[in-house]
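Residues in the sequence shown are numbered from 10 upward in steps of one, following this note's numbering. C-beta: ideal position from N, C-alpha, C; glycine also.
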Amino acid sequence: MNNVKKFTAQWSERGYDKDEMQPFWLSFLHDVLKISEPEKFICFEVSVKLKHTYFSA
10 MNNVKKFTAQ WSERGYDKDE MQPFWLSFLH DVLKISEPEK FICFEVSVKL
60 KHTYFSA
(Lines of atoms letter the chains of each structure in order from A; the text may use other names.)
(Lines give C-alpha, C1' and ligand atoms only; values in the text may rest on other atoms or scores of the structure.)
Protein backbone atom coordinates (compact mmCIF):
# COMPACT_ATOMS: atom_id res chain seq x y z
CA MET A 10 0.00 0.00 0.00
CA ASN A 11 1.46 3.38 -0.90
CA ASN A 12 1.95 6.25 1.54
CA VAL A 13 -1.15 8.17 0.46
CA LYS A 14 -3.42 5.14 0.84
CA LYS A 15 -2.00 4.35 4.29
CA PHE A 16 -2.44 7.94 5.39
CA THR A 17 -6.00 8.07 4.04
CA ALA A 18 -6.91 4.82 5.76
CA GLN A 19 -5.42 6.03 9.04
CA TRP A 20 -7.25 9.37 9.02
CA SER A 21 -10.55 8.47 7.33
CA GLU A 22 -12.19 7.27 10.54
CA ARG A 23 -10.93 10.06 12.77
CA GLY A 24 -12.98 13.09 13.68
CA TYR A 25 -12.67 16.43 11.97
CA ASP A 26 -11.82 18.39 15.06
CA LYS A 27 -9.36 21.10 15.97
CA ASP A 28 -7.82 18.63 18.42
CA GLU A 29 -6.69 16.52 15.47
CA MET A 30 -5.21 19.34 13.40
CA GLN A 31 -1.62 19.21 14.60
CA PRO A 32 -1.23 15.41 14.53
CA PHE A 33 -2.90 15.35 11.10
CA TRP A 34 -0.45 17.81 9.55
CA LEU A 35 2.60 16.31 11.23
CA SER A 36 1.57 12.88 10.00
CA PHE A 37 0.92 14.19 6.48
CA LEU A 38 4.27 15.96 6.28
CA HIS A 39 6.19 12.98 7.64
CA ASP A 40 4.32 9.97 6.25
CA VAL A 41 3.19 11.26 2.87
CA LEU A 42 5.70 13.95 1.93
CA LYS A 43 8.57 12.19 3.74
CA ILE A 44 9.75 15.33 5.53
CA SER A 45 12.06 14.31 8.32
CA GLU A 46 11.14 15.77 11.73
CA PRO A 47 8.51 18.29 10.54
CA GLU A 48 7.87 19.35 14.14
CA LYS A 49 11.24 21.11 14.12
CA PHE A 50 10.16 23.74 11.59
CA ILE A 51 6.37 23.94 11.57
CA CYS A 52 4.52 26.31 13.91
CA PHE A 53 0.86 26.06 14.82
CA GLU A 54 -1.49 28.67 16.21
CA VAL A 55 0.70 31.72 15.71
CA SER A 56 -0.96 35.02 16.59
CA VAL A 57 -1.46 37.39 13.69
CA LYS A 58 -2.57 41.02 13.46
CA LEU A 59 -5.27 41.90 10.92
CA LYS A 60 -5.73 45.68 10.95
CA HIS A 61 -7.39 46.25 14.33
CA THR A 62 -8.29 42.64 15.17
CA TYR A 63 -5.98 40.15 16.82
CA PHE A 64 -6.46 36.42 16.51
CA SER A 65 -4.92 33.90 18.81
CA ALA A 66 -6.29 30.39 18.70
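Residue i and residue j: beta carbons closer than 7 Å?
{"i": "His39", "j": "Pro32", "result": "no"}
Since residue i contacts residue j with CB under 8 Å, what's their CB separation in whole angstroms?
{"i": "Asn12", "j": "Val55", "result": "With a Cβ gap of about 28 Å, Asn12 and Val55 do not count as contacting."}
Could you compute how far the alpha carbon of residue i sits from the alpha carbon of residue j?
{"i": "Ile51", "j": "Leu59", "result": "21 Å"}
{"i": "Glu22", "j": "Glu29", "result": "12 Å"}
Looking at the secondary structure, which residues open and close the alpha helix (DSSP H) in which residue i lies?
{"i": "Val13", "result": "12-21"}
{"i": "Leu35", "result": "30-36"}
What residue range does the beta strand (DSSP E) around residue i cover?
{"i": "Val57", "result": "57-59"}
Quick check on this structure: which residue in the options has the alpha carbon closest to the alpha carbon of residue i?
{"i": "Lys15", "options": "Val57, Phe37, Ser45, Lys49", "result": "Phe37"}
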